[in-house]
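Undergrad: Residue numbers (the numbering used here), protein chains in the order written: chain S, 35 to 450; chain Z, 69 to 292.
Next up is a structure, given as structure tokens.
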Amino acid sequence: MTPSAPSSVDRATPQDPAVLPDTDGADDVDPSQVSRRSFLRRAGLGAATAFVLADAAVAYRAYDQGVLAEERGPAFDAWDTWRNGTDPMSMVGAAVLAASAHNTQPWRFTVAEDRIDLYADLTRSTGANDPLNRELDVSLGCALENLHLAALARGRQPELELVPGGPVDLVASVQLGAGSVIDSSLYRAIGSRHSNRSEYRSESVPASTLASMDNRADESVAPARLVWLTAAGDRQRFGDLLVEATRAHVADEEQSTESFAWWRSAWDAVQRNKDGLTIDGVGLRPLVRTLGKLLPAPSRQSADRTFVDRTVIQARSAAAFGVIVVDDPTARPERLAGGRLAQRLHLWSAATGLGFQYMNQITERIDRDRQLGHDAPFETPLADLVGDGALVAFRVGTPTVSGMKSPRRPALEVLR
Amino acid sequence: MNSGDRTLLAAGSIAAVLGVGAGVAEIVAGTVTWAGNKNDPTALGWVTIGLGIVIGAASLAATRTRRPGARLVAAATLLVCALLGLTTAGLAWIPAAVAAMVACALIVRRPRPAGAWRAVIRAQWTAVLVVVLSFIYLAFGIVARDRVGLLGIAGAVAACIALALHGRSHRAAAAVVMVVAAVPFAVATAWTVVMPLTAVLMLAIGLPYVLGHSRPMTSTGGIS
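Below, the structure written as structure tokens:
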């Protein structure tokens, strides 16, 4: 059969010649050479096929883990819609973006035209990590602060009424009166506030910055106040205490297990649950973060080792530690006030580009030791550093990696 | 266009319309059982729409060429899309998948001398691998969205254009297009690991292919 020119191929019938790449060798070579070339060609194609199949498998894993869909999907929609609307429901949309321990979001709301009630959701407790509900109450305080700011930004005057009672009762009511629009920088920072667990740069935070943060602790959150640990020796002692508490945490199987229950490895679990801690929130560099998603999900033991290792890095790189102190850390109203201050500080950090991360391992261990009736090896060293009444601790500094959005249940999913 | 091609085009068009319709329905309906209970129905709905469009394009391309390699790629495209859609739109994709499989079968069943497909597969296997890689680009381009996503979609299209140029003996141009197809999206998404890896494979497999000489082949697979 006569070869046809390539340009005529498109017009050929199925019985006509086709085009074949010249990879089988020339015509005038001996059979053994052809055989060798043929073998090499087939081996090459086989290897290429294997690589492509492996690449397709990795690509599927990347797709399944949302590598190219970071911070997107139903679990993150709340971050895009929190400024929409002016009705009370839209204020709840801002409240759900508040910080919460392990991102448990332990809140429920009822909404009326002139009032929003906040309830504790004890089904979302972190168990052995928060046996006295300290962090749960602080988380509710954070939500109250966002609610307060959102009401002001919508021209409503919020009046907060804390409701005493048991842990499953109504926690607080916010009456919504008429007022003027106050679109504060703290309110505007609600959508960009993220815990930043990355390593921080070594430079210190200016004293004026810390003083500005001190000013957030006004009468509205009394008796909550702020204690800073900025001296190298104090930071070292607090950091060492933090790492010790973390080691005690992972050695406590119940604490470790209940903490791991809030870890979301799979993208599907992130989108379905819309809560918990994710690999995006760990503060890793993008390449390492991606590798973490592509690799199989970590075991609890592996996650514990990473927790300790990351705590060492976080403690070492903190420019300053802050501790919110109240008169009675067991009293819910004071915890709520401390939570409001914590959220306010976090929003202020977000507005100014400062990294902020809660570091609650020490107080978690103190509560856990109390629950178990053990000696409290962390209570006295902490009191030596910051005095009595420590409620919640955090670190600040200049982050090396931007904080990322955490999954959120939207307002409609947290109504009671 | 003969009657066989008209039937093929009709099946492909039906598959495309059903596929696009399944994607739209998934976006509109949200998380529902018949669309696979997906957590992110909007993104997957767009991917499904993309698959429907690819099916339509592949069917059309298959009717416009007699080249066995090109028709084989079109058939493979239809097959892959038919299977992929089941993971993006669940039951809603089944009608489109059935129509796409019919179109695929119409391409493959064309009467040919014995051994012709085998010869074509052997000859065009490298191109098929590049098409698979370009599918990965396309899928991730759709998922990435925005400008970065456009780089992925454009890269996938450009890789296929490079393969087509090779058949027309524009080897240098084909090589340039292949590089342009692979590099930008990989650079823009370097942190994803998988995109740079895909780009390396696309260049390692695609460049030698498009730079290689073309030789005529008989329909039975022998070199004349």
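Glycine residues also receive a C-beta, built at the ideal position from the N, C-alpha and C atoms.
Small disclaimer: the values here were computed from a predicted structure and weren't measured.
What does the alpha-carbon distance come out to for the pair residue 341 of chain S and residue 394 of chain S?
TA: So the two alpha carbons sit approximately 13 angstroms from each other.
Undergrad: What I want to know is whether the C-beta of residue 264 of chain Z ends up closer than 6 angstroms to one or more non-hydrogen atoms of the ligand ADP.
TA: Looking at this structure, you won't find the ligand ADP or any other ligand, since it has none at all.
Undergrad: For the structure I just gave you, are there three or more beta carbon pairs, one from the segment 102 to 115 of chain Z and one from the segment 189 to 203 of chain Z, closer than 8 angstroms?
TA: Flag = no, the segment 102 to 115 of chain Z and the segment 189 to 203 of chain Z do not touch.
Undergrad: Could you round the C-beta distance between residue 174 of chain Z and residue 75 of chain Z to whole angstroms and report it? I think they count as a contact, below 8 angstroms.
TA: Indeed they touch by this definition, with Cβ atoms about 6 angstroms apart.
Undergrad: With a threshold of 8 angstroms, are at least 3 pairs of Cβ atoms found where one atom belongs to the segment 77 to 87 of chain S and the other to the segment 106 to 123 of chain S?
TA: Contact fails: fewer than three Cβ-Cβ distances are below 8 angstroms.
Undergrad: Check whether the Cβ of residue 107 of chain S lies closer than 7 angstroms to any Cβ atom in chain Z.
TA: Interface residue, yes.
Undergrad: Applying a beta-carbon distance threshold of less than 7 angstroms, which residues of chain Z neighbour residue 305 of chain S?
TA: Within 7 angstroms Cβ-Cβ: 107 and 108.
Undergrad: Using a Cβ-Cβ distance under 7 angstroms, would residue 256 of chain Z count as near chain S?
TA: No, because no Cβ of chain S sits closer than 7 angstroms to the Cβ of residue 256 of chain Z.
Undergrad: 7 angstroms is my cut-off, CB to CB: does residue 110 of chain S come that close to chain Z?
TA: Judged by the 7 angstroms Cβ criterion, residue 110 of chain S is not in contact with chain Z.
Undergrad: Sorted by chain position, which residues of the same chain lie with C-beta nearer than 7 angstroms to residue 413 of chain S's C-beta, five sequence neighbours on each side aside?
TA: Only 400 meet the Cβ criterion.
Undergrad: Taking only beta carbons into account, state which residues of the segment 68 to 84 of chain S come closer than 8 angstroms to chain Z, listed in chain order.
TA: Those would be 79, 82 and 83, in chain order.
Undergrad: How would you write the range of the alpha helix (DSSP H) that residue 402 of chain S sits in, first residue to last?
TA: Unbroken alpha helix (DSSP H) run through residue 402 of chain S: 395 to 406.
Undergrad: Return the CA-CA distance between residue 75 of chain S and residue 270 of chain Z, expressed in angstroms with no decimal places.
TA: So the alpha carbons of these two residues sit roughly 18 angstroms apart.
Undergrad: Inspect the beta-carbon positions of residue 295 of chain Z and residue 104 of chain Z and report whether they are closer than 7 angstroms.
TA: Outside the shown range of chain Z, which is 69 to 292, sits residue 295 of chain Z, and nothing can be said about it.
Undergrad: According to DSSP, is residue 312 of chain S helix, strand or coil?
TA: Strand.
Undergrad: Is it buried or exposed, residue 390 of chain S, if we count other Cβ atoms within 10 angstroms and call 16 or more buried?
TA: Answer is buried; the Cβ neighbour count reaches 16.
Undergrad: Have a look at residue 48 of chain Z and residue 126 of chain Z and give me their C-alpha separation to the nearest angstrom.
TA: Not covered by the structure: residue 48 of chain Z. The range shown for chain Z is 69 to 292.
Undergrad: What are the boundary residues of the beta strand (DSSP E) that residue 151 of chain S is part of?
TA: Note, residue 151 of chain S: beta strand (DSSP E), 149 to 154.
Undergrad: With 8 angstroms as the limit, tell me which residues of the segment 140 to 151 of chain S have their beta carbon closer than that to any beta carbon of chain Z; keep them in chain order.
TA: So nothing in the stretch comes that close.
Undergrad: Assuming residue 8 of chain S and residue 204 of chain S make a contact with CB atoms under 8 angstroms, what is their CB distance in whole Å?
TA: Outside the shown range of chain S (35 to 450) lies residue 8 of chain S, about which nothing can therefore be said.
Undergrad: Just the Cα atoms here: how many angstroms apart are residue 272 of chain Z and residue 152 of chain Z?
TA: Cα-Cα distance, rounded: 26 angstroms.
Undergrad: Name, please, each residue of chain S whose Cβ falls closer than 9 angstroms to the Cβ of residue 253 of chain Z.
TA: What residue 253 of chain Z touches in chain S: nothing, since even the nearest Cβ is about 10 angstroms away.
Undergrad: Indicate whether the contact test is met: 3 or more Cβ pairs, each with one atom in the segment 380 to 389 of chain S and one in the segment 424 to 436 of chain S, closer than 8 angstroms.
TA: Taking 8 angstroms as the limit for Cβ pairs, the verdict is that the segment 424 to 436 of chain S does touch the segment 380 to 389 of chain S.
Undergrad: Going along the chain, which residues of its own chain have a beta-carbon closer than 6 angstroms to the beta-carbon of residue 222 of chain S, five neighbours each way excluded?
TA: Correct list: empty, nothing qualifies.
Undergrad: Could you check whether the Cβ of residue 59 of chain S sits closer than 7 angstroms to any Cβ belonging to chain Z?
TA: Any reading at residue 59 of chain S must be qualified, since the residue scores a pLDDT of 42, below 50, and its modelled position is unreliable; the value itself is stated next. Not closer than 7 angstroms to any Cβ of chain Z, the Cβ of residue 59 of chain S fails to qualify, so no.
Undergrad: If distances are taken between C-alpha atoms only, which option among S:274, S:418 and S:133 comes closest to residue 384 of chain S?
TA: Nearest C-alpha to residue 384 of chain S: S:133.
Undergrad: May I ask you to report which of helix, strand or coil DSSP gives residue 207 of chain S?
TA: Correct three-state label for residue 207 of chain S: strand.
Undergrad: Under 9 angstroms between beta-carbons, which chain Z residues line up against residue 324 of chain S? List them in chain order, please.
TA: Chain Z residues near residue 324 of chain S: 259, 260, 261 and 262.
Undergrad: Evaluate the contact criterion for the segment 133 to 147 of chain S versus the segment 271 to 284 of chain S: three or more CB pairs, one atom per stretch, below 8 angstroms.
TA: Not touching, per the Cβ criterion.
Undergrad: Identify, in the order they occur along the chain, each residue of the same chain with its Cβ nearer than 7 angstroms to the Cβ of residue 250 of chain S, setting aside the five sequence neighbours on each side.
TA: The residues are 375, 378, 379 and 382.
Undergrad: Assign residue 142 of chain S to one of three DSSP states: helix, strand, or coil.
TA: Three-state result, residue 142 of chain S: strand.
Undergrad: On the DSSP letters alone, give me the boundaries of the beta strand (DSSP E) that residue 207 of chain Z sits inside.
TA: No beta strand (DSSP E) contains residue 207 of chain Z, which is instead part of the alpha helix (DSSP H) from 184 to 212.
Undergrad: At 7 angstroms on the CB atoms, spell out the chain Z contacts of residue 328 of chain S, in chain order.
TA: Ordered by position in chain Z, the residues that pass the 7 angstroms Cβ test against residue 328 of chain S are 261.
Undergrad: State buried or exposed for residue 277 of chain Z, treating a residue as buried only when at least 16 other CB atoms are found within 10 Å of its CB.
TA: That one is buried.
Undergrad: Which of helix, strand or coil does DSSP assign to residue 196 of chain S?
TA: In this structure, residue 196 of chain S counts as strand in the three-state DSSP scheme.
Undergrad: Which whole-angstrom value is the C-beta distance of residue 355 of chain S and residue 429 of chain S, which I expect to be below 8 angstroms?
TA: Rounded, the Cβ-Cβ distance is 5 angstroms, consistent with contact.
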